[in-house]
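Residue numbers (the numbering used here): 8 to 322.
A short worksheet on the structure shown next.
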């Protein structure tokens, strides 16, 4: 085992303290969000004439198992039902007298959503603990409680510290969680989300300023690429470039000037086979909203915008 220097130890302690602070803030935020729905949840469980059927996948399932054990040991009959096993026959353990308590951070866990038609047909009420109140599971529940956190952490930050030391990346997480909603999103490639063909905003470097404005307006990306006579991407004109140019002395006369006179050279690009999360990191790091997508050093094949990443749930 390698020796941990004082600086490394301090970093790990700071990580642990920060994690505990995050946990404390999450609890305080949850306390502020408690409302009438919590009382409804208590009444729903109290009025259960059968058993509380707790279900959840992955880490939510582990938490659900603990909840089921706690309920059973405190006078409320409960058991844990694995959602994947339920789809293969174990759903028969649920009766019309039961209440289903479903846990899902995304509220879109497909193994749980697959059970909803059967549960709803039986008339069994669903109480859900979700991280997204706009999710499918929340909408289909008799009562939904918001248990979201702004930033996930773990007890004492041990796993977080090890993640940092191992250099564990998002792609590795996705490979270990291929069935999860987050894992599926993290495996998205730039090619899955990019705009291609006529949707790519592009003008020639000899075109004038007014042509660039029209292209930016029609394509609605807040920018346009600039290519040379050979069709190679050589620059970019952004909303910021336009504003700065118009505010400059005699800027209004620049409508007839060439795009090359105002463009920013060497625009930011990303490879077509890169993970979409890499585009997120690139945009955040550069504080930009678009990236041109390249198949090789000179061949432009698409463009990806911040809104595409937002819609995919990556931000």
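Beta carbons are placed, not taken as given, at the ideal position from N, Cα and C, and that holds for glycine.
Rounded to whole angstroms, what is the Cα-Cα separation between residue i and residue j?
i, j, result
"residue 61", "residue 35", "25 Å"
"residue 29", "residue 113", "20 Å"
"residue 134", "residue 65", "19 Å"
"residue 95", "residue 58", "21 Å"
"residue 258", "residue 137", "Bear in mind that the predicted position of residue 258 carries a pLDDT of just 46, short of 50, making it unreliable; the figure below should be weighed with that in mind. Answer to the nearest angstrom: the Cα atoms are 53 Å apart."
"residue 39", "residue 32", "11 Å"
"residue 164", "residue 223", "For residue 164, the predicted structure reports a pLDDT of 48, less than 50, and the residue's modelled location is therefore unreliable. A value from the coordinates is still provided. Cα to Cα, the separation comes out at about 46 Å."
"residue 310", "residue 226", "11 Å"
"residue 54", "residue 319", "40 Å"
"residue 384", "residue 56", "Examination of residue 384 is not possible in this model, given that the chain is present from 8 through 322 alone."
"residue 162", "residue 146", "Its pLDDT being 46, under 50, residue 162 is placed unreliably by the model, and the measurement read from it follows with that caveat. Cα to Cα, the separation comes out at about 31 Å."
"residue 245", "residue 270", "8 Å"
"residue 76", "residue 85", "7 Å"
"residue 272", "residue 243", "6 Å"
"residue 207", "residue 88", "49 Å"
"residue 118", "residue 63", "9 Å"
"residue 237", "residue 316", "31 Å"
"residue 268", "residue 205", "25 Å"
"residue 312", "residue 304", "20 Å"
"residue 221", "residue 25", "49 Å"
Can you give the beta carbon distance from residue i to residue j, rounded, assuming they're within the 8 Å contact cut?
i, j, result
"residue 302", "residue 197", "Their Cβ separation, rounded to whole angstroms, is 11 Å, which puts residue 302 and residue 197 out of contact at 8 Å."
"residue 241", "residue 249", "Between residue 249 and residue 241 the Cβ distance is about 18 Å, and since that is not below 8 Å, they are no contact."
"residue 279", "residue 308", "6 Å"
"residue 306", "residue 298", "Not quite, the Cβ-Cβ distance comes to about 15 Å (not below 8 Å), so this is no contact."
"residue 215", "residue 252", "Rounded, the Cβ-Cβ distance is 12 Å, inconsistent with contact."
"residue 107", "residue 126", "6 Å"
"residue 275", "residue 294", "Contact doesn't hold; Cβ gap of about 10 Å is too wide."
Can you name the start and end residues of the alpha helix (DSSP H) that residue i belongs to?
i, result
"residue 79", "65-80"
"residue 217", "216-226"
"residue 316", "313-318"
"residue 48", "43-53"
"residue 85", "Here residue 85 belongs to no alpha helix (DSSP H); instead the beta strand (DSSP E) covers 85-87."
"residue 128", "123-129"
"residue 296", "Neither: residue 296 is in no alpha helix (DSSP H) and is coded neither H nor E."
"residue 119", "117-120"
"residue 145", "143-146"
Pull the bridge partners of residue i from the DSSP assignment, please.
i, result
"residue 242", "233, 272"
"residue 62", "109"
"residue 278", "301"
"residue 202", "310"
"residue 196", "282"
"residue 265", "215"
Hey, could you find the ends of the beta strand (DSSP E) residue i is sitting in?
i, result
"residue 153", "150-153"
"residue 210", "209-211"
"residue 137", "133-137"
Hey, is residue i close to the ligand ADP, as in C-beta under 7 Å from one of its heavy atoms?
i, result
"residue 223", "Ligands displayed in this structure: none; no statement on the ligand ADP is therefore possible."
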